[in-house]
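K.L.:
Can you keep this structure in mind? I'll have questions shortly.
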Amino acid sequence: MSGIKGMQHYSAEKKQEAIRLFLEEGLTYREIAERLKIRKQERIRMWVQDYRRRGSGLFTRHSGRPRKTTDEKTYIAQLEMENKLLKKLQSELQKDMLAKRDIGQSIISRKNSK
Numbered sequence: 073m074s075g076i077k078g079m080q081h082y083s084a085e086k087k088q089e090a091i092r093l094f095l096e097e098g099l100t101y102r103e104i105a106e107r108l109k110i111r112k113q114e115r116i117r118m119w120v121q122d123y124r125r126r127g128s129g130l131f132t133r134h135s136g137r138p139r140k141t142t143d144e145k146t147y148i149a150q151l152e153m154e155n156k157l158l159k160k161l162q163s164e165l166q167k168d169m170l171a172k173r174d175i176g177q178s179i180i181s182r183k184n185s186k
């Protein structure tokens, strides 16, 4: 059973067998449903229609986000390295600016104290 109460999940093998029985042996949806113990004939009709539209790729799972290719992984690694380098550069520039500001403040302080 799947998540919805009363909904039956059928394996890819059972779907393929139902489609084969319809297309190759010429059985009716009712005969296939009885033989394979499928509760609704409408399901078989939908499987056959999907098979005619999409072919055998119908039974391969494509849920979720596709896997990253090696090119994408390489690109992501390069971007992460650049990001790390830029953060380090920003930190160094901030330190340099603070040091210059502190030097300027000390010069002004000395002039005012004289």
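Under my numbering, the first residue of the sequence shown carries the number 73, and numbering increases by one thereafter.
Glycine residues also receive a C-beta, built at the ideal position from the N, C-alpha and C atoms.
If you're wondering where the values come from, they're calculated on a predicted model, not measured in any experiment.
1) Between residue 106 and residue 127, what straight-line distance do the alpha-carbon atoms span, to the nearest angstrom?
2) Are residue 150 and residue 110 touching if we call contact CB-CB under 9 Å?
3) Taking C-alpha atoms, which residue in 96, 92, 116 lies nearest to residue 102?
4) Just verifying my parser: in three-state terms, what is the DSSP assignment at residue 192?
P.N.:
In short, the structure shows the following:
1) 25 Å
2) no
3) 116
4) The structure shown does not extend to residue 192, since the chain is modelled only from 73 to 186, so the question has no answer here.
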